[in-house]
Every structure is written in structure tokens, then in C-alpha cells.
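Residue numbers (UniProt numbering): 1 to 345.
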């Protein structure tokens, strides 16, 4: 028998996570904006971009309200109206969404937000890699920092991040989006588990095998999905490899390099420690569970417990990252407590 219990739990979690994320990131942006550029150098703008991306991702998550089942992520668009009981109490909302549905506007919005939401996963990972590269350069060859990170070179990193996320989102849109064959299997599942009709959601799903219509026991490989996962895997592997390489080299150099003052070295340690923890958080709470959701079916097994935990994980983690920065970077911590420390990089 279907139940809305987990929809209500995830809705509450996503709402709390969204407002906490906006509040914490906004406060961090305020602290960054009030800091002298000499305090962090060009890294200040990377921190601003990362916080802005955190707010954007959390906004997408709040709007889409994802839940998961099997090898798919369901993106809800109308169910939160039902959860708030507005469909019976607010005729305006009921008529508005009925108009969107009948005109086809809602379905178009659903299809559009699929790749946008998915591209956030790639965008965050790519931006983290750029930050590790900055930390690597600032420790190993600090004299070249102004040459490699300036307004003149900014378009390169912008193209890299946007290009990486665009490829990811395009693969999701053209291959992992809804299809008739996926509808036949997933629509009954969403109805059975979450009481969702096919008009209440859109989904992202990787369907690697289909049952032969003539012989229900024979499995047919869906090659487009195999190709997509074969492209996404090297993309993630490459970014994580670069991230690990720059991280290990930076850590090694920090212990060997003699900076001009103990204060500068301490600041480098603070920024590096913050970045490592900010990378571990999405890796544990987003990339690892979502990867399991999509990779496990490829090998013929699933973990049903993940389908209820993933939406909670991906909703809460964005609000943790600014807290990490405010705690581990002494300059921000001193600002919060009304003190100031004059250390410039």
C-alpha cells in the first residue's frame, strides 16, 4: 500500500535545509564581502562563487523536491502543494497548477529542470577541483598566482565549469530522461510506493536492461544508458583524480615550504583544511549515495534503504559547508566573535 509518509519527511527536511542553506551561505557571503581582498587574494572570488552555487543548488533541490526509487531520482513539482494541503484550501493554487498541466507548461518546466538539477552535481565537483588547483598553486608557485588566477584568466575556468556541467546535463536530458519504456516500469512503482501519479513528477533514470516483450526472461541491453554511464564515469574519475592529486601535492608542500611568516602558513593550513572538509561533505552525502543508486543496478542489485535517505542527505549537506568555513577559518570566527586578526596572504 502506498504512503505519503516519506514525502512529508523529505518535504520538511528539504524546506529546513533550504532556509538554513540560504541563511548560512548569505552570512558567509557577508563575511567574505567585509574581508579585505589581501586577506584571501583572488581566492575570495572562488569562495563567493562556491557559496552562490550552494544557494543555487539548494534552490533547485527545494523546487524539484527529489525522492528516489530503484535507479531513478523522481523530481516532484506539484506534490508539495498536496503536502501543504493547499489543493483543498487554496483554489488559486489548484486552478493555477491545473492550468499549467492542461496547457503543457508544467511538463515543459519538468523536462527543463531535469538537466539543470543534474548539472549542479557536475558543477559543484568541477568548482571544487578548481579550488584545489588554486590552493596547489598558492603553496607551490605563489609567484605565478596572479598570472593564473586573474580577471583575464577567469573566462577559462568559467568555460571549464559550465562546459563540464553542460555535458553532464545534456546526457541526462537526452538519455536519462523520461521515455515510454521507463514509464511502463517506473510509473507503477512511484504510484505503489509514494502514491504519485505520472502527472505529479518527472524523473531521471538510467535503465540499463529491458525485458524482451516476447520473452519476459530475456534481458536486452539498453546501449544509450551504457554509453552515458561510460562517459560520466571517466568525467567523475578525472575530476576526483585531479582533486586528489592537487590535494596530496598541496598537503605535502605545506609541510615542506617555508613561508615568510608563521601567520601565512597557518592561514594556508586553515584554508586547505576547510576545503578538504567541504569536499568530503558532498562526497559522503551526495556523490557516494547517488552513485550507488545509479551504479548498483548495472551489476544487478539495489539497496532499498538508500531510496529514502538520499533525498535527506542531498537536502541537508549544503547548509553544512558554510558552517565549516566559519568554524575552521579563524578570520571568520574572529569576525563572528567581534575580534579581528591582521594576517594577509
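For each residue, glycine too, the CB sits at the ideal point set by N, CA and C.
Annotation for residue 187: the continuous alpha helix (DSSP H) segment containing it runs 180–194.
Contact between residue 207 and residue 181 holds: their C-beta atoms lie close to 7 Å from each other, under 8 Å.
DSSP, read as helix, strand or coil, puts residue 27 in helix. Around residue 160, the same chain offers 126, 130 as residues with beta carbons nearer than 8 Å, after the five sequence neighbours per side are excluded. Contact annotation, residue 149 with residue 42: C-beta distance approximately 4 Å; criterion of less than 8 Å satisfied. In this structure, residue 328 lies near residue 273, with their beta-carbon atoms less than 7 Å apart.
In the DSSP assignment, residue 62 falls outside any beta strand (DSSP E) and lies within the alpha helix (DSSP H) extending over 43–64.
Apart from the 5 residues on each side of it in sequence, residue 172 sits with its Cβ closer than 7 Å to the Cβ of 114, 115, 118, 204 in its chain, given in chain order. DSSP, read as helix, strand or coil, puts residue 303 in coil. The stretch 47–57 and the stretch 17–30 touch, with three or more beta-carbon pairs separated by less than 8 Å. Taking 4 residues as the minimum length, the alpha helix (DSSP H) runs contained wholly in the stretch 139–165 are 145–148, in order along the chain.
When DSSP states are grouped into helix, strand and coil, residue 202 belongs to the strand group. Between residue 132 and residue 288, the beta carbon gap of about 18 Å keeps them out of contact (Cβ cut-off 8 Å). Membership of residue 207 in any alpha helix (DSSP H) is not indicated, and neither H nor E is assigned to it by DSSP. For residue 128 and residue 232, the gap between their C-alpha atoms comes out near 17 Å. About 5 Å separates the Cβ atoms of residue 281 and residue 317, confirming a contact at the 8 Å cut-off.
Taking a 10 Å sphere around the C-beta of residue 247, we find 16 or more other C-beta atoms and assign the residue as buried. For residue 227, there is no enclosing beta strand (DSSP E); the residue is part of the alpha helix (DSSP H) that begins and ends at 223–256. Around the C-beta of residue 151, fewer than 16 other C-beta atoms lie within 10 Å, and the residue is accordingly described as exposed.
Here the alpha carbon of residue 33 sits roughly 34 Å from the alpha carbon of residue 290.
For the pair residue 311 and residue 67, the CB atoms are nearer than the 7 Å cut-off. Residue 212 counts as exposed, since fewer than 16 other beta carbons sit within 10 angstroms of its beta carbon. By the CB criterion at 7 Å, residue 314 and residue 277 fall outside the cutoff. In chain order, 40, 43, 135, 329 place their CB closer than 8 Å to the CB of residue 271, counting only its own chain and leaving out the 5 sequence neighbours on each side.
In the three-state reduction of the DSSP assignment, residue 35 falls in the coil class.
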